[in-house]
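Visitor: Sharing a structure, written as structure tokens. Questions coming.
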Amino acid sequence: MKVIKIDKKDWAGGLERSRNTYKLIGPVKEKDKDISSFKPLGKDMLPDLDVMATSVSPKSIVFPQEEVMLTYTTDESKEDCNLFKSHDKDYSPRAVIGIRPFDAAAFLLVKKNFDTPDYRDPYWCDAYEACTFIGLAINNPDSLDFSPSTKTGPFDTSGLDVLLVETEDSYLAQVVTEKGEAYLNAAGWENEAGNGVDKQIGDMKKAAETKITSSISYDKIKSKEILDLYNADFWDQASFACINCGTCTYVCPTCWCFDIQDETRGKKGIRTKAWDSCMFPLFTIHTTGHNPRGTKLQRVRQRFMHKLKYFMDKYDDGIMCVGCGRCIRSCPVNIDIRSICETMNNYEPAK
Amino acid sequence: MENPYLPYPVRIDDIQIATEDKSLKTFKFVFLNEEDEENFSYNAGQFAEVSIPGKGEIPIGIASSPVEKGFVMFTVFRAGAVTSHLHNMKVGDVMGIRGPLGNWYPWEMLEGKNILIVGGGFAFTTLRSSIIYMLDPANRSKFGNIDVVYGARTPGMLLYKDELVEWEKRDDINMHLTIDSPAEGWDYNVGFTPPVTELKAPKGDADTFAIVCGPPIMIKFTLPVLEKLGYSHDHIIMSLENRMKCGIGMCGRCNIGKELVCKDGPVFTLAELNKTPKEY
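Below is the structure:
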């Protein structure tokens, strides 16, 4: 595989050159706060590459927390009164610099939901296709990273166009796709790394993977019946501490549920798509007041069954989790997807 | 590819009060752009998102039938924000319809079979669509016997009364209308839908399918009756409702296990539902 060596002294310069073709997005730390997220990089801004996993995942790059889908006017003097219109958006090329491999892999899982044989969500898909993902390998995984056991990992290239591997004085840029190569050209990074670079990257990958001690097992979930797991006796215990704050779903790179709402100001209106959460009772309540998931237990069970069982049964492609560890880190009551997954994996229904 | 969130613009062409308590109204819509009607081609049993700028969208079963051209019809119960607003709209008003959405009653599989339809209250909308479809001269010969059990609290709460009376007179459909308690001038059955089904419905066999649509309490007591009559679970077809937003299987709220009511449903057989969590 082609590898370009980027001298760190030319990092800022290359990013600047690429701005002629791309908008740049990258991890940004909030000033004086322990919070980070992916944001558009304004002029002279550099991505904070020492951020391991941003506090919230980069899913908002293609799936903003709130976005306008349609517009309308309720002004009866206008010819287009009460007609919905598509909202024009900018889908010019953008490069996501420094996205971590598990976060890029998450887009591949979420794509299964938004790009289907029957329907294509134009907002998600157009934004996704506009992106070139310039990922950054994780040399020193943190204690909550269990990405290798979710079929990704610290050097995984599955969701990336370029994988950057940081060494002392350079970034080794492994070209994964043509899209990635085009970005490197636009940045003017052209020096191919010398012999032995594949081994160097391979060794660093192995070293990083060895540092990961956390894992998750789901090998036995596939063969279990949905209703057996659904009716299992452990959900009461598993959901006991949950306060239904929804933080896990907001920080998660693979949670995709959303709401649709109209907002009218004066006579101008927008129809928006906004993040929603299966942790909230309003998510499923009927107009009659009946709620199929009216209790906390039902909602916690939904979240884990969706990620670890329904997704697996529907797509036959592993679980809806990339092992980033965010939900574990952010949960105010220490609910841990790894232990719940283990409980599900080991569950045997009473005969 | 089309934007699946963008509704077709429609104009309200007719509004009829559907029940004596005025809680239901039947709306006929015509498409502002002729080609949209073709794009909206649907099957009996599907639904659509009825879409009002500034108010929102609601999933409603399509009450008109694929064999009826030039309009689409919905009978809507006034319940929440969108439906209350819709009930106050006027003929000529412009709004949107997004669809058709979801699956439909399995018409190809049902060809050559006897059909029992059991409906209750205002869940008769897609059942009306289905009856009109089956009774169409081009389709009637494709089906065996057609039996319809339809119950409401009072005569005035039955939907589509003119059509019910017409169907009563025909000899190619067996109507079993019922109301909860006796009423003056009512010459048909009296009693709840489940016991009337037990008395009047044909026995279940390999060539007979039941389509059941009604309030939860009716479903609860009708299913044991159908079992008793010999209907196997894969011969009992139901249509579910759940809270929905997108209607295209993406927003994540209407699932029952791995199935999405909006896209994999709303039509399921009882055999299929037996394998899913009862989250509806």
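Each protein sequence line maps, in turn, to chains A and B. When we follow this note's numbering, the leftmost residue of the first sequence carries the number 1, and every step to the right adds one. When we follow this note's numbering, the leftmost residue of the second sequence carries the number 1, and every step to the right adds one. Glycine included, every Cβ here is placed at the ideal spot set by N, Cα and C.
So, does the CB of B/A79 fall closer than 8 Å to a CB anywhere in chain A?
Guide: Yes, contact with chain A.
Visitor: Name, please, each residue of chain B whose Cβ falls closer than 9 Å to the Cβ of A/N109.
Guide: Per the sequence presented here, residue 109 of chain A reads as Leu, with Asn not at that position. Residues of chain B passing the Cβ test: none, with the nearest at roughly 13 Å.
Visitor: Candidates B/K169, B/G156, B/E198, B/Y231: which alpha carbon is nearest B/P182's?
Guide: Checking every option, the nearest Cα to that of B/P182 belongs to B/G156.
Visitor: Taking the alpha-carbon positions, what's the A/G188 to A/S18 distance?
Guide: Rounded to whole angstroms, A/G188 to A/S18 spans 8 Å at the Cα level.
Visitor: Based on Cα-Cα distance, which residue from B/N103, B/F31, B/Y8, B/E38 lies nearest to B/F47?
Guide: The option with the nearest alpha carbon to B/F47 is B/N103.
Visitor: Alpha carbon to alpha carbon, how far is B/C213 from A/C245? Give it in angstroms, no decimals.
Guide: A/C245 and B/C213: Cα-Cα distance of roughly 37 Å.
Visitor: Compile a chain-ordered list of the residues in the stretch 324-339 of chain A whose CB is closer than 9 Å to at least one CB of chain B.
Guide: So the list is empty, because no residue satisfies the distance condition.
Visitor: So B/R128 is in the alpha helix (DSSP H); what residue range does that whole segment cover?
Guide: Taken as a continuous stretch (DSSP letters only), the alpha helix (DSSP H) holding B/R128 covers 125-135.
Visitor: Would a check of beta-carbon distances place A/I262 closer than 8 Å to chain B?
Guide: The displayed chain sequence assigns Asp, not Ile, to residue 262 of chain A. Yes, A/D262 lies at the interface with chain B (some Cβ there is under 8 Å from its Cβ).
Visitor: Candidates A/Y315, A/T287, A/M320, A/N291: which alpha carbon is nearest A/R303's?
Guide: The shortest C-alpha separation from A/R303 is found at A/M320.
Visitor: Is any beta-carbon of chain A found at less than 8 Å from that of B/V50?
Guide: Chain A contact via Cβ: absent.
Visitor: Alpha carbon to alpha carbon, what distance is there between B/R153 and B/G121?
Guide: The straight-line gap from Cα to Cα measures roughly 7 Å.
Visitor: Which runs of the alpha helix (DSSP H) fall wholly inside the stretch 200-268 of chain A and span at least 4 residues, in chain order?
Guide: Here the runs fully enclosed are 226-230, 235-239, 247-251.
Visitor: If I measure Cβ to Cβ from B/S129 and keep anything under 8 Å in the same chain, skipping five residues before and after, which residues do I get?
Guide: Cβ within range, chain order: A44, G45, G61, I62, A63, S64, S65, P66.
Visitor: Would you tell me roughly how many angstroms separate the C-alpha atoms of A/V28 and B/T222, rounded to the nearest one?
Guide: So the alpha carbons of these two residues sit roughly 60 Å apart.
Visitor: Give a yes or no on whether the minimum CB-CB distance between B/L273 and chain A is below 8 Å.
Guide: No, because no Cβ of chain A sits closer than 8 Å to the Cβ of B/L273.
Visitor: Could you tell me which of B/G54, B/A18, B/G70, B/P59 sits nearest to B/P38, measuring between CA atoms?
Guide: The sequence given here has Glu at residue 38 of chain B, not Pro. For B/E38, the nearest C-alpha among the options comes from B/G70.
Visitor: Measure the CB-CB distance between B/M250 and A/D121 and report whether it falls below 8 Å.
Guide: For B/M250 and A/D121, yes; Cβs fall inside 8 Å.
Visitor: Assuming A/R94 and A/L136 form a contact by the criterion Cβ under 8 Å, report the distance between their Cβ atoms to the nearest whole angstrom.
Guide: Contact doesn't hold; Cβ gap of about 17 Å is too wide.
Visitor: Nearest to A/P58 by CA position, among A/K39, A/P148, A/T288, A/K296, is which residue?
Guide: Minimum Cα distance to A/P58 is reached at A/K39.
Visitor: Excluding the five sequence neighbours on either side, which residues of its own chain have a C-beta within less than 7 Å of the C-beta of B/V196, listed in chain order?
Guide: The answer, listed in chain order, is V149, G151, H176, T178, N189.
Visitor: Count Cβ pairs between the stretch 248-267 of chain A and the stretch 23-35 of chain B that sit closer than 8 Å; are there 3 or more?
Guide: Counting Cβ pairs under 8 Å, fewer than three are found: no touch.
Visitor: Under 8 Å, with one C-beta from each stretch per pair, do the stretch 225-242 of chain B and the stretch 259-273 of chain B reach the 3-pair mark?
Guide: Segments in contact, yes.
Visitor: What number of angstroms, rounded off, separates the C-alpha of B/T126 from the C-alpha of B/I132?
Guide: Looking at the two C-alpha atoms, the distance is approximately 10 Å.
Visitor: Tell whether a beta-carbon distance below 8 Å holds between A/Y218 and A/M305.
Guide: Contact flag unset, no.
Visitor: Within 8 Å (strictly less), CB to CB, does A/F234 reach chain B?
Guide: Not one chain B Cβ lies under 8 Å of A/F234.
Visitor: Could you name the residues of chain B that A/T74 contacts, counting a contact when the two beta carbons are closer than 7 Å?
Guide: Ordered by position in chain B, the residues that pass the 7 Å Cβ test against A/T74 are P53, G54.
Visitor: Mind checking whether A/S214 and A/L109 have CB atoms under 8 Å apart?
Guide: In this structure, A/L109 does not lie closer than 8 Å to A/S214 by Cβ.
Visitor: I want to see whether chain A comes within less than 8 Å of B/P277, judged by CB atoms only; does it?
Guide: With 8 Å as the cut-off, B/P277 counts as an interface residue toward chain A.
Visitor: By DSSP, does B/H176 sit in helix, in strand, or in coil?
Guide: Strand at B/H176.
Visitor: Run through chain A and tell me which residues come within less than 7 Å of B/K245, C-beta to C-beta.
Guide: Chain A residues near B/K245: D259, I260.
Visitor: B/Q46 by DSSP, collapsed to three states: which one?
Guide: Here B/Q46 sits in coil by DSSP.
Visitor: Closest to A/D228 by C-alpha separation, out of A/P64, A/Y347, A/G42, A/T21, would be which residue?
Guide: It is A/Y347 whose Cα lies nearest to the Cα of A/D228.
Visitor: In whole angstroms, give me the CA-to-CA distance for A/G42 and A/G14.
Guide: Going from the Cα of A/G42 to the Cα of A/G14 covers about 15 Å.
Visitor: Return helix, strand or coil for B/L260, following the three-state DSSP convention.
Guide: Correct three-state label for B/L260: strand.
Visitor: Hey, does A/T362 have any beta-carbon neighbour from chain B nearer than 8 Å?
Guide: Beyond the ends of chain A as shown, which are 1 and 351, falls residue 362 of chain A; an answer cannot be given.
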